[in-house]
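Asker:
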Amino acid sequence: MRLLQLHCNNFEYTPTKKEISSAEEIEPETKSLDNVVVTFVAVEKGDDKSVARKAINEIKESLQKIGCKKLLLYPYAHLSSNLASPSLAFSLLKEMESLATDLDVSRAPFGWTKSYKLEVKGHPLAETSKSITKGTTDDEISEAVKSEEKIKSYWYILSPDGTMQEFDKFNFSKHPQLEILAKYESAKKRSVDETPPHVKLMKKLAIADYEPASDSGNMRFYPNGRLIKSLLEKYVTDKVLAYGGIEVETPIMYDSHHPSLESYFNRFPARQYNIHSEGKSLILRFAACFGQFLMAKDFQLSYRNLPLRLYEMTRYSFRREQSGELVGLRRLRAFTMPDCHAFCKDMKQAIEEFKKRFDLSSEVIHGVGLDNSDYEMAIRFTEDFYKENKQLIQDTVKKIGKPVLVEMWKEKFFYYILKWEFNYIDNLGKASALSTDQIDVENGKRYNIEFVDEENKPKNPIILHNSPSGAIERVIYALLEKAAKDAKEGRKPHLPLWLSPIQLRLIPLQPEFNEYCEKLANTLTSAEIRTDIDDRNESIGKRIREAETEWIHYILVIGEKEVNAKNLNVRERISGKVNEISIDELISDIKKQNHGKPFSKLNQSRYVSKRPQIMV
RNA sequence: GCUUCGAUAGCUCAGCCUGGUAGAGCGUUACCUUGGUAAGGUAAAGGUCGCGGGUCCAAUUCCCGCUCGAAGCUCCA
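Residue numbers for the first sequence follow my numbering, so the first one is 6 and each next one is one higher.
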């Protein structure tokens, strides 16, 4: 059954003619209702009295929340492409009406073509849609949603020495960032009108920008941004493959009514992009979970094959966040996220895997250029899991080497019993999750993923959900915010060398040195150094200044001296020094810094004079 | 979604309060300049002042509505 519920200032309808032969016998007359909740109802195949009962209970609940007592049930076939027979639909509607006599209830006639006029109120709960189906999964969901509201969490700070203190008793004086994370919910107001530093930087460095012609939160990436993203994607993928991940690719859209998916989707009804195509209702994925689960379900699995680690760099995952929540590269509606699921035969194996993935995530997050002081960890688990796995949790915190925020649940109410994240705290005191991992004990069953165990019995695996870096865009956000912090505190802002769109710039003093620069650039390029040449007819001072503002690590002015001497004069941006060194020394120095990181060629014309200006 | 703010040249913005159809810097183009480690000079081109309505002799400016955007809040598996 599908419901669309509108809280109206006024609703007026007029039956015009019978649409079907089994239409209700009535005198067609215009009815007008004030301050009424109109619920459009489509009864679907498979619905029965229990569904009608469930539906009317949910409707009552929401009316109570809104504080309205007048209800109009309005038969409305257009909400579904899988309608029940008219006779069943009519009887269930009457059933719902009879179950709501404690309200001021009325019902629009069934089987008639009607015209209507309405004015919907402007409050957040005025418009809701619901899908109600028979069966256990949906019971579980509504239970889950209910228990989510009632959930009891206890908050602690767990220190590396193993002491766990209630969070309001903890002394945060040495851990201001952790305090921000811990108190994030109650965070104070910040100065208005301040654009987050990374938003300015992403434009200034021609990395990314808003695309007004798309939906908000869908960014455009300029050549620099695409290069940075692609390097990060390669880096993370390489690390996951080294850990044992197996890369796959899954569709970005799914049938909303697929039985295994429906219950999963309905839990977050406001958060998806919906697409209608050829009568099908499709949703865009918000992670790779279901794609990989559906794939794993079709694999023939033995306990010998586990742990099985499926991995995808999702370009894209979509989440239709509320428009006001979107910020630059921090929170998007379309983003690229590594998503790696490990299917494990039992909790013992899951815990072993959990440790590996924790180390993987730490390595990745440090590899991309963030260090221990840039993020704070939060770990959440059920009380039961904690009791049985104290040592594991304490060991994990020891690895971080500083206190972490703990949320402990009395009971399990999500599909996971443990979840941790690394949170980046930015210049405006905002916390955003980067790496994360979860131990999922439900979806193996929900998706019918089975393996055969040592005793030849089918079992559902425990599934770990890991994003070793978090969203790639969010990594760029964190790196830019970190650079902004450096600038604020008097250090030179920069991106890690391996991620810099241009690593080295040659500035010929005069056009006659262009040819020499070209040769030099060939040498440096073949040594995997992204090199370009600023051949514009501008003063030396100006070209150096612009190279500095583009955060180019190495600047080489090429003139008579260089052409005739063995050594080069290399301006190293971070130190601000000009060193005279040989080309071999320069190459080996840069190679050392980029060791273990992927390389991509220059994603621009080599000559600055040939490039379009990106004015943002 | 709520609140607030905004929309003027390719970009960043001034002008609006006090109405008389626009200005700067950067960028672009042309010319001059051939410069040794953070901005060389001159000139030119470039605008239906977001859209619609109202007031007025006259609206970029005042008023109303709309659209789009941003920030904050709420939220964030």
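Built from N, CA and C at the ideal position, the CB exists for glycine as well.
What three-state label does DSSP hand S544 in the structure shown?
Answerer: Three-state DSSP puts S544 in coil, outside helix and strand.
Asker: Roughly how many angstroms lie between the CA atoms of K151 and F419, to the nearest whole one?
Answerer: Residue confidence is low: K151 scores 43 on pLDDT, short of 50, so the model does not pin down where it sits. Its coordinate-derived value is still stated next. Going from the Cα of K151 to the Cα of F419 covers about 11 angstroms.
Asker: Return the CA-CA distance between R362 and G249, expressed in angstroms with no decimal places.
Answerer: Looking at the two C-alpha atoms, the distance is approximately 10 angstroms.
Asker: Could you tell me the alpha carbon to alpha carbon distance between L485 and N584, rounded to whole angstroms?
Answerer: So the two alpha carbons sit approximately 28 angstroms from each other.
Asker: Quick one: Cα of S178 to Cα of E171, how far?
Answerer: If I take the Cα positions, the gap works out to 15 angstroms.
Asker: Of all the options V42, R7, I137, which has the alpha carbon lying nearest to the alpha carbon of L108?
Answerer: The residue with the shortest Cα to Cα distance from L108 is V42.
Asker: Work out the CA separation of K36 and E132 for me, nearest whole Å.
Answerer: In a straight line, the C-alpha of E132 is about 22 angstroms away from that of K36.
Asker: Pick helix, strand or coil for A436, following the three-state DSSP scheme.
Answerer: Here A436 sits in strand by DSSP.
Asker: Kindly indicate which residue of D458, K464, Q443, I71 has the alpha-carbon position closest to the one of Y452.
Answerer: The shortest Cα separation from Y452 among D458, K464, Q443, I71 belongs to K464.
Asker: Compare the C-alpha of E577 against each of V562, A570, E567, N569 and name the closest.
Answerer: Nearest of V562, A570, E567, N569 to E577, Cα basis: V562.
Asker: Locate the beta strand (DSSP E) running through Y248, then write down its first and last residues.
Answerer: Here Y248 belongs to no beta strand (DSSP E); instead the alpha helix (DSSP H) covers 228-248.
Asker: Residues in the same chain with beta-carbon distance under 8 angstroms from E459, minus the five sequence neighbours each way, listed in chain order, please.
Answerer: Only Y308 meet the Cβ criterion.
Asker: Helix, strand or coil for K497, going by three-state DSSP, please let me know.
Answerer: Reduced to three states, the DSSP call for K497 is coil.
Asker: Is the beta carbon of I557 sitting closer than 8 angstroms to the one on I477?
Answerer: Contact: no.
Asker: For N519 versus D539, is the C-beta distance shorter than 8 angstroms?
Answerer: In this structure, D539 does not lie closer than 8 angstroms to N519 by Cβ.
Asker: Can you say whether Q618 is buried or exposed, counting buried as having 16 or more other CB atoms within 10 angstroms of its CB?
Answerer: The residue is exposed, with fewer than 16 neighbouring Cβ atoms inside 10 Å.
Asker: Per the contact definition of three or more C-beta pairs closer than 8 angstroms, is the stretch 305-322 in contact with the stretch 425-436?
Answerer: Output reads no: the stretch 305-322 does not touch the stretch 425-436.
Asker: Quick check on Y391: buried or exposed, where buried means 16 or more other Cβ atoms within 10 Å of its Cβ?
Answerer: Buried is the call here.
Asker: State the beta-bridge partners of F323 as determined by DSSP.
Answerer: According to DSSP, F323 bridges with A339.
Asker: For C13, which residues does DSSP report across the bridge?
Answerer: BP columns for C13 point to V41, V125.
Asker: For the stretch 394-414 and the stretch 437-450, state whether three or more C-beta atom pairs, one from each stretch, are separated by less than 8 angstroms.
Answerer: In short, these stretches do not touch, since the Cβ pair count stays below three.
Asker: For the beta strand (DSSP E) that D214 lies in, which residues bound it at each end?
Answerer: 213-215 is the extent of the beta strand (DSSP E) around D214.
Asker: So, for F348: in the same chain, excluding its five sequence neighbours on each side, which residues have a beta-carbon less than 7 angstroms away from its beta-carbon?
Answerer: Correct list, in chain order: A301, L311, P312, L313, I454, P466, I468.
Asker: Ordered along the chain, which non-local residues of its own chain (more than five positions away) have a Cβ less than 8 angstroms from that of V568?
Answerer: Cβ neighbours of V568 beyond the five flanking positions: F518, Y521.
Asker: From what residue to what residue does the alpha helix (DSSP H) around N519 run?
Answerer: Element bounds for N519: 519-531.
Asker: Kindly indicate which three-state DSSP category C294 falls into: helix, strand or coil?
Answerer: Helix.
Asker: Below 8 angstroms CB to CB, which residues in the same chain sit around A89 once its five sequence neighbours on both sides are set aside?
Answerer: V48, E49, K50, G51, D52, L97, listed in sequence order.
Asker: Candidates K490, D491, S437, G449: which alpha carbon is nearest S474's?
Answerer: The option with the nearest alpha carbon to S474 is S437.
Asker: Could you spell out the range, first to last residue, of the alpha helix (DSSP H) harbouring F631?
Answerer: The requested residue 631 does not occur in the structure, where the chain is confined to residues 6 to 621.
Asker: Which of helix, strand or coil does DSSP assign to V204?
Answerer: Three-state DSSP puts V204 in a helix.
Asker: List, from N- to C-terminal side, the beta strand (DSSP E) runs of 3 residues or more that fit wholly inside the stretch 536-584.
Answerer: Listed in chain order, they are 536-538, 559-563, 573-577.
Asker: Mind checking which residues open and close the beta strand (DSSP E) that includes K285?
Answerer: Residues 285-289.
Asker: When the Cα of V457 is compared with those of P501, D351, D173, which residue comes out closest?
Answerer: With distances taken between Cα atoms, V457 lies closest to D351.
Asker: In this structure, how does DSSP classify P181 when only helix, strand and coil are distinguished?
Answerer: Looking at P181 - three-state DSSP - the assignment turns out to be helix.
Asker: Classify H346 as buried or exposed, calling it buried when 16 or more other Cβ atoms lie within 10 Å of its own Cβ.
Answerer: Under this definition H346 is a buried residue.
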